[in-house]
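Numbers in this note's numbering are just positions in the sequence shown, counted from 1, shifted up by 3.
Every residue gets a Cβ at the ideal spot worked out from N, C-alpha and C, and that includes glycine.
Heads up: the structure comes next, in structure tokens.
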Amino acid sequence: MSGRPAMARHEARALVVRELVAEHGVLSRRLAQLQQRVGDQLQASARRQAALDGENIRLRGELVRMRTAVAWDLRSAALVPRAATGPRGLAPRIAPGLLEAQAVICQTGCAGHAHPWLEPDGQCRRTGQACDRLEDETLSTATRGAGPSDPE
């Protein structure tokens with residue numbers, strides 16, 4: 004009879020092992036599901052973060068543009084988006100005395116300091132119009148004959 008209790012113990016152990024193997028399988032599948040879910044959440048979070056970073060950079064650029072316009076006393080330009088600015092070449096009607104004052108301001112504040120108010124396309128940041136001084140300078144340079152001549 005000593006064989007039967009050993010056999011019963013062996014069967015009991017085998018049953019425990021089968022239950023442990025089944026439980027291990029269930030836990031492994033559950034772990035895989037959780038890992039997949041966490042991976043999906045991380046990807047979604049990374050996409051949201053990238054979108055927020057892009058919006059942050061865009062808003063910072065807009066803030067710099069607006070602060071610069073305010074610092075340069077271009078408040079109206081700060082409130083109007085760049086695409087909505089008026090057509091170029093339409094100079095506002097200014098009294099003759101103010102035209103002379105504006106010429107002095109342009110000469111000392113812009114032309115005298117390497118054109119800090121001049122956009123690459125020739126538009127004045129201060130007035131929002133095409134730069135008149137730039138045209139005057141190119142005409143005066145051409146009439147003086149300054150610079151190397153181009154033999155053709």
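- DSSP lists A133 as the beta-bridge partner residues of Q126.
- L121: not part of any alpha helix (DSSP H); DSSP gives it neither H nor E.
- The straight-line gap separating the alpha-carbon atoms of G131 and A54 is approximately 33 Å.
- Per DSSP, Q105 is one residue of the alpha helix (DSSP H) stretching across P99 to I108.
- Between R129 and W75, the C-beta gap is smaller than 9 Å, which places the two residues in contact.
- Assigned with DSSP and collapsed to three states, D76 falls in coil, not helix or strand.
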